[in-house]
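First comes the structure, then the notes that go with it.
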Amino acid sequence: MAEPTEDTPGDTLAGNAALFERACAVLPGGVNSPVRAFGSVGGTPYFVARGHGAHVWDAEGNRYIDYVQSYGPGILGHAPPPVIAAVAAAAAAGTSYGAPTEREVRLAEEMCARIPGLEMLRLVSSGTEAAMSAVRLARGATGRNKIIKFAGCYHGHSDSLLAAGGSGVANQGLSGCDGVTPGAVADTVVAPYNVVPDIDDATAAVLVEPVAANMGLVAPTPGFLEGLRAACDGTGALLVFDEVITGFRLARGGATEFYGIRPDLWCFGKVIGGGLPVGAFGGSRETMGHLAPLGGVYQAGTLSGNPLATAAGLATLEALGPDAYDRLETVAVRLAAGLEDAFSAAGVAAVVPRVGSLLGLFFGAETPRNFDEASASVASGLYAPFFQAMLRRGVALAPGPYEAIFVSLAHSDADIDETIEAATEAAAELA
Ligand SMILES: *Cc1c(COP(=O)(O)O)cnc(C)c1O
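Printed below as a string of structure tokens:
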């Protein structure tokens, strides 16, 4: 089958429905990550043939303005030339060695230079690995077992962190996960977001998304992150910011810079891989000194610090100077205002929360502050018809109500205008 281009639609025998049928025969649910199966919005997923900038084209040649952007990595849009060039050059020199490379050092240097307090880090291959390893490190460093997480925050799919996980877990309507033993979650305490929990001296770590972006978008209320910092300081628990989404997106220095609060450990992913599989966790020299080979907390990875992934990550960070954050914010402000206008013109109660370039969408009059409130909005059932009405008009939102809306530097003013036009019609359809 020829690669579809803008002018030549793809082979319809390999159209979305046919591909989904073939996929369902060999991949559970037809996908490799549950939310992609369209379970909570209904219908057949579009299969992406290619992406360029703000757009993706499906297997039938339909173009969508893409606000999924791989759930965060696509901060520059799809196939940005400097990233593609860096990956191609790296690939020509070999794709994995099992020995250290200069590029790993450069990526770590660049990340540490941007984030105050981040002195050392370890590269891994996913955000899941980053959060899982940060928890092990926190336990090893403190000699304590208990961890506290917040309902609706997602920290990847490791056993002890799946409890009340938001994102795809919530989309599936699962309260927990089969196959996770009671023992695996026995030391995990789940607290409501935006309330500082009681933290005792058995607590190794408090994990938080500094802006919750896996239950739609829920901002931290003033004092929440400060309160967590103080409460952790009071008991010696380590504060872990899961910046897998916020890192290098909210600001040059992520949520740490944006809110001016330093955690003890950070988790990263998404943006730092520029679309290739990467994660990282890091902290002070002292805390990271507990990690093997310096200390007794073991962690390893065949593909960790991968040459292609570090090339993509470095090229992505290089494109993210201060101007980039101004532009991202401008795009997000414009989109949020346009969406709000579209809903109010149609008389549909909806809110579009925004933090920096991160956007959410909740039906209802109130802005949710935690997972229960986010779930109450989702129960309106309006996300699925809105999603479908937008998709029919060539705008791809995430196929689940608990995901954020991701803008990129490739989204032009014309893309935003077209999106708002589509939203105006889609909102009228809902009303
Ligand atoms: C996506 C995400 C993860 C997991 O990252 P993967 O690369 O999907 O394993 C962890 N934490 C947060 C906040 C995320 O958004």
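The opening residue of the sequence shown carries number 30 in the working numbering; numbering runs sequentially from there.
For glycine and all other residues, C-beta sits at the position ideal for the given N, C-alpha and C.
Taking the Cβ atoms as the reference, Ile176 lies roughly 6 Å from Asp216, within the contact range of under 8 Å. Distance from the CA of Thr124 to the CA of Asn335, rounded to the nearest whole angstrom, comes to 7 Å. For Asp188, the Cβ stays outside the 7 Å cut-off from all heavy atoms of ligand 1. Annotation for Leu357: Ser386 place their beta carbon closer than 6 Å to its own, counting only its chain and skipping 5 residues before and after.
Inclusion of Phe310 and Leu332 in the CB contact set at 8 Å is not warranted, their separation being larger than that value. Look at the beta carbons and you see the region 171-187 touching the region 145-158: at least three pairs across the two are nearer than 8 Å. At a Cβ-Cβ threshold of 8 Å, Tyr431 and Met244 count as neighbours. Our two residues, Ser373 and Leu411, have alpha carbons roughly 15 Å apart in a direct line.
The alpha-carbon separation between Gly71 and Leu320 amounts to approximately 45 Å. In the DSSP assignment, Phe76 falls outside any alpha helix (DSSP H), carrying neither H nor E. By the C-beta density criterion, Cys53 is exposed, having fewer than 16 other C-beta atoms within 10 angstroms.
Under the rule that a run must span 3 or more residues, the beta strand (DSSP E) segments found entirely inside the region 202-264 read 217-220, 232-237. Here Tyr327 is not bridged, per DSSP, to any residue. DSSP places Ile434 in the strand class (E or B) of the three-state scheme.
Looking at Asp262, Thr275, Ala234, the one whose alpha-carbon comes closest to that of Ala248 is Thr275. Assignment of Val380 by DSSP, reduced to helix, strand and coil, places it in the strand class. Rounded to whole angstroms, Val77 and Met419 show a C-alpha spacing of 17 Å. Per DSSP, the continuous beta strand (DSSP E) segment holding Phe310 begins and ends at 308-312. Boundaries of the beta strand (DSSP E) around Phe179: 175-179. Taking the Cβ of Gly185 as the reference point, at least one heavy atom of ligand 1 falls within a distance shorter than 7 Å. Using a Cβ-Cβ distance cut-off of 8 Å, the region 343-359 and the region 109-126 are in contact, since at least three pairs of beta carbons, one from each stretch, lie closer than that value. Shortest Cα-Cα distance from Asn399 to any of Ala443, Asn223, Ala340 involves Asn223. Beta-bridge pairing by DSSP links Ala425 to Asp95. At least one heavy atom of ligand 1 lies closer than 7 Å to the C-beta of Ala242. Scanning its chain for C-beta atoms nearer than 6 Å, with the 5 sequence neighbours on each side dropped, one finds around Ala170 the residues Thr316, His319, in chain order. Taking the Cα positions, Gly172 is about 15 Å away from Tyr327. Residue state for Val273 is assigned as coil, using DSSP reduced to three classes. Nearest Cα to Ile144 within the set Glu454, Cys296, Pro414: Cys296.
Taking the C-beta atoms as reference points, Ile434 is found nearer than 8 Å to Gly389.
Taking the Cβ of Lys178 as the reference point, every heavy atom of ligand 1 lies at 7 Å or farther away. Of all alpha-carbon atoms in Glu238, Arg151, Ala379, the one lying nearest the alpha-carbon of Ala365 is that of Ala379. When beta bridges are read from the DSSP output, Cys53 appears opposite no residue.
Pro397 and Pro211 have their C-alpha atoms roughly 30 Å apart. Taking C-beta atoms as the reference points, Pro102 and Val300 count as a pair closer than 8 Å. Note that the C-beta distance between Ala403 and Thr453 is not below 8 Å. The continuous beta strand (DSSP E) containing Arg151 extends over residues 149-153.
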